[in-house]
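In what follows, a single structure is set out as structure tokens and then discussed.
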Amino acid sequence: MDIRTPIGQAVFLVSISCIIGFGSNLVKGDAIPWIAPELEIADSIIPETESNDPVLLAISLNQAKNLFDDGILFVDARDDGYYTAGHIQGALKNAFLMELIFSIEAIQEKNVPLVVYCGDPGCGDSEDLAYDLQDSGFNKLYVFKGGWLEWSKAEYPSETDE
Amino acid sequence: MTRHFKVQLVFFFRLIVGIIFIYASIDKITHPAAFATAIGNYHAVPFGLENMMAMVLPWLELLVGVCLIAGIMVDGAAIMCIVMNIVFIFAISQALARGISIECGCFSVSTETGDNIGLETILRDIAYLVMSFVILYRNEKRLEFFPKPV
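Chains A and B are the protein sequences, given in the same order.
Residue numbers for the first sequence follow the working numbering, beginning at 1 and rising by one.
Residue numbers for the second sequence follow the working numbering, beginning at 1001 and rising by one.
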């Protein structure tokens, strides 16, 4: 590799970045795994409120409906416009994280199960919000991966803000 | 356009792109897990490789920024700027085309302070891309220390 040539320099910069990036991750206290773990899918759901064991699992449409029927709180992780156009009945609107946390805490404790969803199985907002809520102390989190797309297709209870 | 003005313009672009890349790298280097999540939200990186990208990309941004400002390996740094901006534009465009509403993860990886992606994010990256091309195809190599201009 000749670092006097532009391509050689580019390869050199990438190589140095790999060495520093991987090396610093090895020695740092808050190291992240090399490969991102997939969110585990829940086999069965026991919405226990007694245990403080943390839960962060993905759930299916049927499991989401069962939790809905049990009166579990849902949080919509999508933007305002999408929420206004249609959302799962009774779901809380996404807001600034602190505002959302206050809204949830006004309704229930942090160890009570909570379902987070977004637009469709391809969106990442629900998972993102679930991790933020987990960092804020909520420890019974379920991510409904199918989101609004699957829920509305199934014609399960929903409402609009219009 | 005078020769002197062209030299000054290239140096100005080097400073602008360099400062932006350094600024963009800081929050990502300090919060690798949040940056990995931000990359993952684009759903454009396969096999869970977003974590490896989150380890390397911020350091590459930092190195490229420093090289552009310090006048070290400017050609290589400009090439990497072009490559990174093309990747960013592609990632944002495919997310917008799929209707995904996500944080950009461009400068801040915090969900509370980060900007959402949009057309303006793409236009901003196109501006950086144009500046990077101007730097790469400059006629005169002034204020550059390695490799020594011939």
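Backbone N, C-alpha and C fix where the C-beta goes; we use that ideal spot for every residue, glycine too.
Cβ atoms of isoleucine 1122 of chain B and isoleucine 1089 of chain B come within 8 Å of each other, at about 6 Å. For glycine 1076 of chain B, at least one C-beta of chain A is nearer than 8 Å to its own C-beta. Exposed is the label assigned to histidine 1004 of chain B, since fewer than 16 other Cβ atoms lie within 10 Å of its Cβ. The Cβ atoms of leucine 141 of chain A and valine 55 of chain A sit closer than 8 Å to each other. In this structure, DSSP gives alanine 58 of chain A an extended state, which the three-state scheme calls strand. For the pair leucine 67 of chain A and valine 115 of chain A, the CB atoms are nearer than the 8 Å cut-off. When Cβ-Cβ separations below 8 Å define contact, tyrosine 131 of chain A makes contact with chain B. Here isoleucine 107 of chain A is exposed. Its C-beta has fewer than 16 other C-beta atoms within 10 Å. Residue state for valine 112 of chain A is assigned as coil, using DSSP reduced to three classes.
Selection B:Ala1070, B:Asn1139, B:Glu1140, B:Gly1065 evaluated against cysteine 1081 of chain B yields B:Gly1065 as nearest (Cα-Cα).
Taking 8 Å as the threshold, the shortest C-beta distance from glycine 1040 of chain B to chain A falls below it. The DSSP-derived three-state label of lysine 1148 of chain B is coil.
In this structure, DSSP gives histidine 1043 of chain B a state outside helix and strand, which the three-state scheme calls coil. In this structure, the straight-line span from the alpha carbon of asparagine 94 of chain A to that of alanine 42 of chain A is close to 24 Å. Of the other Cβ atoms in all chains shown, fewer than 16 fall within 10 Å of the Cβ of isoleucine 19 of chain A; this residue is therefore exposed. Around the CB of isoleucine 35 of chain A, fewer than 16 other CB atoms lie within 10 Å, so the residue is classed as exposed.
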